[in-house]
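Participant:
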Amino acid sequence: MTNVTFTIKQIAHILGGQTEGNPNTVIDKITKIDAGEKGGLAFLIDKKFESYIYTTQASAVIVKDDFNPSRKLSCALIRLAQPQQAFVKLLQFYENLKPQKLGIAKSAHIPKSTQIGVGVYIGEGVVLGENVMIGDHVKLYPLCYVGDKVHIGDNSILYAGVKIYDECKIGSECIIHSGAVIGGDGFGFVPDENYVYEKIPQLGNVIIEDNVEIGSNTCVDRATFSSTIIRKGVKIDNLTQVAHNCDIGENTVIAACCGIAGSAKIGKHCVFAGQVGVKDHVVIGDGVMVGSQAGIHRNAKSGEKLIGSPALPVEKGLKALGSVQFIPELINRVNELEKKLQELNKS
Amino acid sequence: MTNVTFTIKQIAHILGGQTEGNPNTVIDKITKIDAGEKGGLAFLIDKKFESYIYTTQASAVIVKDDFNPSRKLSCALIRLAQPQQAFVKLLQFYENLKPQKLGIAKSAHIPKSTQIGVGVYIGEGVVLGENVMIGDHVKLYPLCYVGDKVHIGDNSILYAGVKIYDECKIGSECIIHSGAVIGGDGFGFVPDENYVYEKIPQLGNVIIEDNVEIGSNTCVDRATFSSTIIRKGVKIDNLTQVAHNCDIGENTVIAACCGIAGSAKIGKHCVFAGQVGVKDHVVIGDGVMVGSQAGIHRNAKSGEKLIGSPALPVEKGLKALGSVQFIPELINRVNELEKKLQELNKS
Amino acid sequence: MTNVTFTIKQIAHILGGQTEGNPNTVIDKITKIDAGEKGGLAFLIDKKFESYIYTTQASAVIVKDDFNPSRKLSCALIRLAQPQQAFVKLLQFYENLKPQKLGIAKSAHIPKSTQIGVGVYIGEGVVLGENVMIGDHVKLYPLCYVGDKVHIGDNSILYAGVKIYDECKIGSECIIHSGAVIGGDGFGFVPDENYVYEKIPQLGNVIIEDNVEIGSNTCVDRATFSSTIIRKGVKIDNLTQVAHNCDIGENTVIAACCGIAGSAKIGKHCVFAGQVGVKDHVVIGDGVMVGSQAGIHRNAKSGEKLIGSPALPVEKGLKALGSVQFIPELINRVNELEKKLQELNKS
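Chains as they are written, first to last, in my numbering: chain X, 1 to 347; chain L, 348 to 694; chain W, 695 to 1041.
(1) Leaving aside the five residues before and after residue 360 of chain X along the sequence, list all residues of the same chain whose C-beta is less than 6 Å from its C-beta, in chain order.
(2) Please name the residue in X/137, X/342, X/160, X/178 whose C-alpha comes closest to that of residue 171 of chain X.
(3) For chain B, find out if any of its Cβ atoms is closer than 9 Å to the Cβ of residue 331 of chain X; answer yes or no.
(4) Within 10 angstroms of the Cβ of residue 231 of chain X, are there 16 or more other Cβ atoms? Answer buried if so, exposed if not.
(5) Under three-state DSSP, which class holds residue 436 of chain L?
(6) Assign residue 656 of chain L to buried or exposed, taking buried as 16 or more other Cβ atoms, counted over all protein chains shown, within 10 Å of its Cβ.
(7) List, in order along the chain, the chain W residues whose C-beta lies closer than 8 Å to that of residue 319 of chain X?
(8) Should the stretch 868-876 of chain W be regarded as contacting the stretch 902-909 of chain W, the criterion being three or more beta carbon pairs within less than 8 Å?
(9) Mark residue 71 of chain X as exposed unless 16 or more other C-beta atoms lie within 10 angstroms of its C-beta, in which case mark it buried.
(10) Using a 10 Å radius around the Cβ and a threshold of 16 neighbouring Cβ atoms, would you call residue 588 of chain L buried or exposed?
(11) By how many angstroms is the C-alpha of residue 912 of chain W removed from the C-alpha of residue 929 of chain W?
(12) What is the C-beta distance between residue 848 of chain W and residue 819 of chain W, in whole angstroms, given that I count them as a contact (C-beta under 8 Å)?
(13) Quick one, are the C-beta atoms of residue 546 of chain L and residue 535 of chain L less than 9 Å apart?
(14) Please confirm whether residue 709 of chain W and residue 161 of chain X have their CB atoms less than 9 Å apart.
(15) Please check the pair residue 1034 of chain W and residue 341 of chain X, which I expect to be a contact at CB under 8 Å, by giving their CB distance rounded to whole angstroms.
(16) Nearest to residue 755 of chain W by CA position, among W/922, W/727, W/852, is which residue?
(17) Would you give the residue range spanned by the alpha helix (DSSP H) that residue 661 of chain L belongs to?
(18) What does DSSP give as the partner residue(s) for residue 34 of chain X in the beta ladder?
(19) For chain X, check one thing: does any of its Cβ atoms lie closer than 9 Å to the Cβ of residue 372 of chain L?
(20) Going along chain L in order, which residues have a C-beta closer than 8 Å to the C-beta of residue 788 of chain W?
(21) Do we get a CB-CB distance below 9 Å when we pair residue 644 of chain L with the residues of chain W?
(22) Between which two residues does the beta strand (DSSP E) holding residue 735 of chain W run?
(23) Quick one: which chain W residues come within Cβ less than 8 Å of residue 674 of chain L?
(24) With the cut-off set at 9 Å, would you say residue 108 of chain X and residue 127 of chain X are in Cβ contact?
(25) Going by DSSP, what residues sit across from residue 1001 of chain W in a beta bridge?
(26) Distance, Cα to Cα, residue 314 of chain X vs residue 29 of chain X?
(27) Please report how far the alpha carbon of residue 884 of chain W lies from the alpha carbon of residue 891 of chain W, in whole angstroms.
(28) Does the beta carbon of residue 809 of chain W sit closer than 9 Å to a beta carbon anywhere in chain X?
(29) Buried or exposed for residue 430 of chain L, going by 16 or more other Cβ atoms inside 10 Å?
(30) Alpha carbon to alpha carbon, how far is residue 748 of chain W from residue 742 of chain W?
(31) Going by alpha carbons, who is nearest to residue 996 of chain W out of W/962, W/1005, W/1028?
(32) For the beta strand (DSSP E) that residue 351 of chain X lies in, which residues bound it at each end?
(33) May I ask which residues mark the beginning and end of the alpha helix (DSSP H) holding residue 1036 of chain W?
(34) Hey, residue 590 of chain L and residue 931 of chain W: beta-carbon distance below 9 Å or not?
(35) Quick one: Cα of residue 69 of chain X to Cα of residue 21 of chain X, how far?
(36) Could you give the first and the last residue of the continuous beta strand (DSSP E) run that contains residue 409 of chain L?
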């Protein structure tokens, strides 16, 4: 957190709320209500945590405007109509206070063929290839590599050590985290009769549309030809593999450690939990929800909710996975039934 | 794709085929038959896509030499004896048109102790340790790190940001993708009676033989002593872990997000799908096929086909995994049977 | 291995043991007993490998002091009270012989605001942000990025290409392997009514306590506010995801390819095998053991042993997972029972 201090009066003004207690109470951090400390501002959003407000060490707590304390409070309050929205708003306010990186480092390698917008940050040790286009207010943190003919749209941020292979296109307002690799070769080979694999050249690229966030050390491979596409608003967490020729639909969210195999097509506003696997060429509709560690081996219709590997509809899957533990007992019961039935037949 | 144009007559000549329609039809890209566009060259390999050839916007389509259109075509044709092989051949032709990187960047750090072959590319910001040997025509893309005493064989390519720890050996004709880490310490510790773990030094190395491809952000750990070995022709996809002292046999193919634990020995020309786990010290024979997300906890004989976790032979495994969904129903049926049998016994 | 030679007399002296055979036998490597070679020193720790000692090509073998050969040996011996401890001790001895990196490379970017201890190594192409604190004897290998206000404690090592985001704290005696990313943004978004996700700024940091080792390409995300904490003595293998606000307890060991979701709290000296997933907000007690590929969706008490997904106690889980293969047969048997019972009822 930035080391800046505000009075709760100032914060109430920013968030559009009312103070209660000393309006000059000084805040220098956001804190949890159950582990608060002096100078901390906590949130009471979920009523089940109310008991903590009477014992918190936080200097102030943001509460709903109709909050009615049942005991005496030692903290000041900020009363708001919508404390939950205020949480994000306050974090954004603090975020915006951070000093912004600006300027082009001497040690950055920037060929003459580069087109650069205004207000950019290009950090130490960044290496650009030939004919790169960098939009306005782009930030390239140190030690990024941007290959030949790559385009990066306005306001996008590449954190330290991102690698973008030749000819990939990154949209505007994108965030790509450290160590992510965009545009590596798709995994394509043809075996001969002696099992020696010949490489299929991967001549396509990756297109990342606007407002996409890609996590640390995630990989998005280039298409064999044409493009692997990450559509606008997609959010992909860390350490996820998106293989060649995939097409990830708008506003789909993919948690960490997933593996999406080649040519899979995923619809809009799907939500994938962590460690999910998707088979190659599978087509997944819009709004599909997938539980952690699921394995999707078949197409899925819009709105399906899937869990397990191989994946099942969620109600069926929950019952099935929950009953695996009863198989040994079931075997015993069937043994017993067979024995009894045999005895019955004899008698 | 490189921005070069050819007539279909030129392409037919390269591939050894016959044109039909205007031989001067200009091609500037490879395209899909179902989404073709002007200037595009599409392939009709699988007969089930034949209907697209009558509606495609592609300027030309490569077809089998005996293709007999049932309707009028608006695209030109190139007729070939083996369109499938031509696909790879054509991609390789385009790949070879790409301008090749060459020369040693000023900002690369190359100690005097380095031995360098002819025709190399060493990009901006590359850092070599002491006593490194770089073969002929090697390409080290920007920001690679190559530790002390590392050898890299002829014609190998390390893409941007690859890290090779000290003393590892990379063969000839290898491709290592961005962010891969070769030779990090194996994960070895001994706990004392207070659960404090003491590090077991990892003094071995990694040997990568010829013609190996290693995916983006994949990790191959060095051996405790001796060597972790990736044998010739192995292809490993992105984000895969190969632990210390593993031995991966010739021409084995491992898809993305797999985890191969310490000292596992995998045979020749095996094929692993994505997200597979292999237990430490497991020995897997030649030609073993492993389905996605499988967990291999025991040795596997040559030719086995395994799926599931713990892994089962594929026929058994398919039936078993496919029947998990019926367990809840099965429990109900056994309940019912027990009730009926009790009633029968009473009567 | 370092290219240094010792006589077995010297090695016996280092380890506190007795030689048998020629005390001037020269050793230049550690080797396996079953694949020994001239100049190699092997270990016979596990009695089941005894047969190899009679055929090994190793020049010398370390044995327990009471070892009584049943046949003639061609190798020399070093007899020790505790050969197993000697293994680690000998590896550490060799490790300490390695030349240590020292000094600050010219191409490293070190702002004036940096505080640097004595005896440090800062390699080529390292980039430090503003107000970084580097303790004594710290080693930053080439091409590391260390963000603003990061602290790194004494004797810690960051291998090539590690990226540390702003404001994270790394303790003393830590080892962080190549490509690891510490302090990337946690994965937090709020959707609006059109499924457009707004980013929740991630303003916290990561605190890594003393004596922690973090594997290659592993990611530890910063907290939304406050800190993601990796407590002292924790060992995390490669390619593992630790999400925002997690708290990993002292001396816990996590193997490769695990995914620990947001705000999970893991106790002390737990042991996780590879590819394990932990759901967000789950609380896991001390000394919990988790099998490979397990999925932990609920809190776990101290001392629990868990396998499977969803995880079950180990005895129950082993039986259940081992019986999945019998479900198809079980269905047939229940079909049969139902048929027979129906016939019985008719008669």
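Beta carbons: idealized from backbone N, C-alpha and C, even for Gly.
Facilitator: Straight from the coordinates:
(1) A question about residue 360 of chain X goes unanswered here, because the residues of chain X that appear run from 1 up to 347.
(2) X/137
(3) Of the protein chains in this structure, namely X, L and W, none is chain B.
(4) buried
(5) helix
(6) Buried.
(7) Result: empty, since nearest Cβ-Cβ is about 12 Å, beyond 8 Å.
(8) A contact exists between the stretch 868-876 of chain W and the stretch 902-909 of chain W.
(9) exposed
(10) buried
(11) Their backbone Cα atoms lie some 11 Å apart in a straight line.
(12) Their Cβ separation, rounded to whole angstroms, is 23 Å, which puts residue 848 of chain W and residue 819 of chain W out of contact at 8 Å.
(13) In this structure, residue 546 of chain L sits near residue 535 of chain L, with a CB-CB distance shorter than 9 Å.
(14) no
(15) 6 Å
(16) Cα-wise, what sits closest to residue 755 of chain W is W/727.
(17) 661-670
(18) DSSP lists no partner for residue 34 of chain X.
(19) no
(20) 548, 550
(21) yes
(22) 734-737
(23) 1021
(24) yes
(25) W/1006
(26) Looking at the backbone, the Cα of residue 314 of chain X and that of residue 29 of chain X are separated by about 41 Å.
(27) One C-alpha to the other measures close to 5 Å.
(28) By this cut-off, residue 809 of chain W is not an interface position.
(29) So residue 430 of chain L ends up on the buried side.
(30) 13 Å
(31) W/962
(32) Because chain X spans 1 through 347 in this model, residue 351 of chain X falls outside it and cannot be assessed.
(33) 1021-1040
(34) Against a cut-off of 9 Å, the Cβ pair of residue 931 of chain W and residue 590 of chain L comes out as a contact.
(35) 13 Å
(36) 407-411
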